[in-house]
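The structure appears right after this line, and notes come after that.
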Amino acid sequence: MHTADFHQNFDHFFDVLQQPRKNANRTEHITLQAQIGEGTIRRFVPRCDMEVVISEYSFHRNVIMNLKPEEPMIELSYCFQGARELSLSGKRHEHLPGSCTLQFMNKPEARFEFSGNQSFHMLGIGIPVATFHHFMEDACGSKSIDFDHILGGQSFRMFQETIDPSASVILQQFMQSAQTNGTKNIELECRVLELLSLAFRSFLYERSSKSTKLSTSDMQKIRLAHDVILDRMAEPPTLLELSRLIGLNDYKLKIGFKEMYGTTVYGYLRNKRLEKAFLLLQKGNISVNDTSCAVGYSNPSYFAEAFREKFGINPGEFVKRAYVSMQL
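Okay, so the sequence shown: first residue is 1094 according to my numbering, each after it adds one.
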């Protein structure tokens, strides 16, 4: 597999940004040149066919960058702060705060636009096509999703949605690991693989299943049910109420939801409640009992048991560790 070449895409970005590099295709921290702006770019290469870039910077003035990736690649990016406009092969796209974007690129003409005096905080993960195809194979070696098929003869295709709570938890863990001295590549790689797996499942598996018996209308209604239970997490409707609300009978809702999301309606809700609780507790400004109520658990003991089962730690102990981490 030609894995080393795709790193040239990132090298080219740094070169156009006029950022000198000490190493080629290696983990390093880069400080933005004072005449351009302020901030840092942290580059991680957990393994030879994987690159992660954490960007935290602002420019003194508007910046426009024109470049062309030298190798086909797949990039998963998360925008935490600062809107960024991107023009690829003549089509304009916008990366907004709170968005997750999966991009398939086959050497498109790219134009990046950054506004001056605006803080940008982003994380990008890149892998080469050969690695993507390896990830798409099942245990028997067959492959149902192909890079060229996804592009459909184009040089660029993008999928975008808001950052999922599951991804938010993993992103927080990755950021903590990335800031800790002595963190091993295997730890970073595991987090990256989790993020890629979530994104591929959301953007590719759930949207491209050819064996589904659900109609387009039914899938839209089930997606609405998904949004409703997340919006009303603390006081969710019953299954019958939910089915009436979306206009789909409860049997089809149960079967269809499990087909699209891989679990039951309330199994999914349980996971999302705990993931939201993880994020609330990690911020350190809310008690365990208040967090329990905020995510829909009226019994703090039951909440603590569920939290420990999912994350391997009691919520009270987790809060203590999060507080210590913030003081370092």
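Where is the CB? At the ideal position from N, CA and C, for every residue including glycine.
If you draw a straight line from the alpha carbon of residue i to that of residue j, how long is it in whole angstroms?
i                  : j                  : result
glutamate 1178     : threonine 1224     : 28 Å
phenylalanine 1207 : serine 1308        : 41 Å
histidine 1188     : aspartate 1231     : 32 Å
glutamate 1280     : serine 1270        : 8 Å
arginine 1185      : valine 1156        : 16 Å
glutamate 1121     : aspartate 1239     : 32 Å
phenylalanine 1197 : phenylalanine 1411 : 38 Å
methionine 1200    : isoleucine 1218    : Note that residue 1200 is lysine in the sequence shown, not methionine. Cα-Cα distance, rounded: 17 Å.
lysine 1161        : glutamate 1168     : 14 Å
arginine 1190      : glycine 1175       : Here residue 1190 turns out to be proline, not arginine, going by the sequence shown. About 6 Å.
alanine 1387       : alanine 1399       : 15 Å
glycine 1409       : glutamine 1375     : 11 Å
threonine 1426     : histidine 1214     : Nothing in the structure corresponds to residue 1426, since the chain is present only between 1094 and 1421.
lysine 1314        : glutamine 1253     : 20 Å
asparagine 1392    : valine 1381        : 11 Å
proline 1139       : lysine 1306        : 40 Å
phenylalanine 1404 : arginine 1154      : 44 Å
lysine 1347        : valine 1358        : 7 Å
histidine 1226     : lysine 1236        : 8 Å
leucine 1333       : glycine 1234       : 42 Å
arginine 1401      : leucine 1291       : 22 Å
serine 1304        : leucine 1110       : With a pLDDT of 48 at serine 1304, under the threshold of 50, the modelled position of this residue cannot be trusted; read the value that follows with caution. Their Cα atoms are separated by approximately 46 Å.
glutamine 1212     : asparagine 1278    : It should be noted that the sequence gives serine, not glutamine, for residue 1212. Each residue's alpha carbon lies about 28 Å from the other.
phenylalanine 1293 : phenylalanine 1173 : 20 Å
aspartate 1104     : leucine 1335       : 50 Å
tyrosine 1395      : serine 1385        : 9 Å
leucine 1338       : threonine 1356     : 20 Å
arginine 1316      : asparagine 1342    : 14 Å
glycine 1349       : glycine 1340       : 13 Å
methionine 1268    : phenylalanine 1137 : 12 Å
Can you give me the Cβ contacts of residue i inside the same chain, cut-off strictly under 8 Å, excluding the 5 residues immediately before and after it?
i              : result
aspartate 1098 : Glu1163, Glu1164 and Pro1221
arginine 1414  : Ile1406
leucine 1289   : Leu1169, Ile1218, Ile1220 and Phe1228
aspartate 1320 : none
Using DSSP bridges, identify the partner residues of residue i.
i              : result
tyrosine 1361  : BP columns for tyrosine 1361 are empty, so no partner.
arginine 1140  : Met1143
alanine 1203   : Leu1160 and Leu1181
arginine 1250  : Phe1197
tyrosine 1150  : Gly1132 and Phe1213
glycine 1219   : Glu1144 and Glu1168
glutamate 1121 : Arg1136
glutamate 1187 : Glu1178
serine 1192    : Cys1172 and Thr1255
glutamate 1230 : Lys1236
What I want to know is whether the C-beta of residue i ends up closer than 7 Å to one or more non-hydrogen atoms of the ligand FMN.
i              : result
glutamate 1328 : Although the ligand FMN was asked about, the structure shown includes no ligands whatsoever.
Please return the same chain residues whose Cβ sits closer than 6 Å to the Cβ of residue i, not counting the five positions on each side in sequence.
i                  : result
isoleucine 1379    : Leu1373
phenylalanine 1064 : The structure shown does not extend to residue 1064, since the chain is modelled only from 1094 through 1421, so no value can be given for it.
lysine 1369        : Pro1258 and Val1388
isoleucine 1322    : Pro1329 and Leu1362
tyrosine 1354      : Tyr1361
leucine 1297       : Ile1238
asparagine 1274    : none
threonine 1124     : Thr1133
arginine 1135      : His1122 and Ile1147
arginine 1204      : Asn1159 and Ser1180
leucine 1428       : Nothing can be reported for residue 1428: it is not among the residues displayed for the chain, which extend from 1094 to 1421.
Is the Cβ-Cβ distance between residue i and residue j less than 8 Å?
i               : j               : result
cysteine 1193   : alanine 1127    : no
proline 1432    : glycine 1389    : The requested residue 1432 is not part of the displayed model; the chain covers only 1094 to 1421.
threonine 1133  : glutamate 1144  : no
isoleucine 1147 : leucine 1244    : no
methionine 1326 : arginine 1284   : no
methionine 1158 : asparagine 1102 : no
lysine 1345     : aspartate 1311  : yes
glycine 1130    : serine 1151     : yes
leucine 1264    : tyrosine 1171   : yes
In chain order, what residues of the same chain have a beta carbon less than 7 Å from the beta carbon of residue i, not counting five sequence neighbours either side?
i             : result
arginine 1250 : Phe1197, Ile1243 and Leu1244
leucine 1421  : Any reading at leucine 1421 needs caution, since the residue's pLDDT is 48, under 50, leaving its predicted position unreliable; the model's value is listed next. Taken in chain order, the list of residues that qualify is empty.
Whole runs of the beta strand (DSSP E) within the stretch 1233-1279, excluding any shorter than 3 residues: List check, beta strand (DSSP E) in window: 1249-1255.
Curious, which full-length alpha helix (DSSP H) runs of at least 4 residues does the stretch 1306-1331 contain? Runs found: 1309-1324.
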